[in-house]
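For the sequence shown, position 219 matches number 219 in the UniProt record's numbering, and the numbering has no gaps at all. Note that CB positions come from ideal geometry on N, CA and C, so glycine has one too. Source: prediction; values computed, not measured. Worksheet: the structure to be examined is printed underneath.
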Amino acid sequence: MLSEKLQLPVIDFARYLAPEAPGDQEEVIAQVRAACQEYGFFQVKGHGIPVGLQHQLLKSLDRLFSMPREEKMKLSYLENKCRRGYEASGMSLRPGDAMPDSKEAYYLGREDPVVELSGFYGPNVWPNIPEDEFRTPAWEYYQKTSDLGKTIWEILLQGLGYPVSLMEAFAKRPLVQMKMIRYPSPSATLPGQFGVGAHNDFGGVTVLLQQPGKDGLEVWLEEQQTWLSVPAVEDVYVINCGDMIMKWSGGQYKSVRHRVINKSEGERLSCATFWHGDVFATNPLNPNDPNKETVGQLLVKRFRHQMSIHKEGLAQVGEA
Ligand SMILES: O=C(O)CCC(=O)C(=O)O
Ligand SMILES: [Fe+2]
């Protein structure tokens with residue numbers, strides 16, 4: 001079957017980050033544009049994130065999720081204004097899903113000293129683990145993937161003919177959320193239960209690290225009406241566009257449905273960094289867009305019920 005031979009394009013970012021020949025960067029921009037138009041997803045090598053840091057990050061996830069359940073529950077994201085911290089297995093259920101996700105997760109975001117805008121900005125929650133075993137590698141990794149997310153936004157802008165300078169306003173105080181995830185082994189998963197049920201990512205660019213050798217991510221191919229499995233390859237990132245990008249690019253860049261089924265024996269780790277943009281920024285993918293909806297307003301619309309936003313916070317982002 002055609003779908004069995006299909007694979008998402010693998011794009012070498014070294015040619016964008018450290019071009020050696022004229023036209024190198026333009027080539028990468030064209031490859032990313034084509035992939036986002038066709039699949040809404042692509043893979044990246046030559047991204048500049050050291051493989052040693054990826055290993056350290058996965059080790060820190062292991063360390064975190066191995067904590068006793070009671071200790072993890074003390075860090076619950078539901079108790080936190082900025083929704084940082086721990087989400088237990090069975091907490092995410094999308095409308096129409098038969099069963100909640102089997103995954104457990106831990107959320108980090110920007111490290112701002114005080115809670116602002118009802119929780120859009122604020123400090124992280126750090127587990128009681130020696131710093132060099134969690135906080136230091138996790139934070140370094142957060143920053144590196146955040147840089148990569150920003151680079152991808154720059155490339156997406158240029159793909160539609162816009163200058164990189166638009167990023168100045170868009171990246172003023174960008175909302176960047178990191179979601180560390182552990183999936184139970186297939187034998188500990190209920191029949192019909194997904195690691196993560198089918199969904200579209202909400203916002204901007206997603207930078208995903210899958211634990212090498214632990215396949216699980218599947219992407220919906222509308223034309224073939226089938227799910228495409230994306231192999232978990234060492235040092236290769238999976239990138240995709242969220243709904244905000246699809247909306248703002250007038251549908252030129254796709255946001256595509258995906259899900260996770262842990263296929264390998266044993267647990268599976270992954271880590272996704274979601275790069276959205278400044279709370280007050282408007283559409284950079286069409287600066288003439290008459291719709292002046294902001295990143296913050298779109299986020300509130302989608303997550304109003306999951307966030308701890310009160311009236312005052314809604315007014316502050318212009319969503320009274
Ligand atoms: O764990 C994965 O491979 C993907 C997770 C995902 O799609 C998400 O958290 O939005
Ligand atoms: Fe996703």
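Burial state of residue i, where buried means 16 or more other Cβ atoms lie within 10 Å
i, result
"residue 330", "Since the first residue shown for the chain is 1 and the last is 320, residue 330 is missing from the structure and cannot be characterised."
"residue 288", "exposed"
"residue 58", "buried"
CA-to-CA distance, residue j to residue i, given in whole angstroms
i, j, result
"residue 110", "residue 166", "21 Å"
"residue 99", "residue 290", "40 Å"
"residue 293", "residue 188", "43 Å"
"residue 12", "residue 194", "31 Å"
"residue 30", "residue 16", "11 Å"
"residue 115", "residue 52", "33 Å"
"residue 274", "residue 21", "31 Å"
"residue 76", "residue 87", "6 Å"
"residue 129", "residue 122", "21 Å"
"residue 244", "residue 212", "29 Å"
Endpoints, the beta strand (DSSP E) within which residue i is located
i, result
"residue 275", "268-278"
"residue 107", "104-108"
"residue 218", "217-221"
"residue 264", "Residue 264 -> no beta strand (DSSP E), and no H or E assigned at all."
"residue 43", "41-45"
"residue 129", "From DSSP, residue 129 is part of no beta strand (DSSP E); its letter is neither H nor E."
"residue 87", "85-87"
"residue 239", "237-241"
8 Å contact criterion, which residue i and residue j should meet: CB distance rounded
i, j, result
"residue 120", "residue 64", "That belief does not hold up - the Cβ atoms of residue 120 and residue 64 are roughly 24 Å apart, past 8 Å."
"residue 173", "residue 124", "Between residue 124 and residue 173 the Cβ distance is about 15 Å, and since that is not below 8 Å, they are no contact."
Where the alpha helix (DSSP H) through residue i begins and ends
i, result
"residue 16", "14-17"
"residue 333", "Absent from the structure is residue 333, since the part of the chain shown begins at 1 and ends at 320."
"residue 25", "24-38"
"residue 169", "167-170"
As assigned by DSSP and simplified to three states, the class of residue i
i, result
"residue 186", "helix"
"residue 248", "helix"
"residue 285", "coil"
"residue 54", "helix"
"residue 144", "helix"
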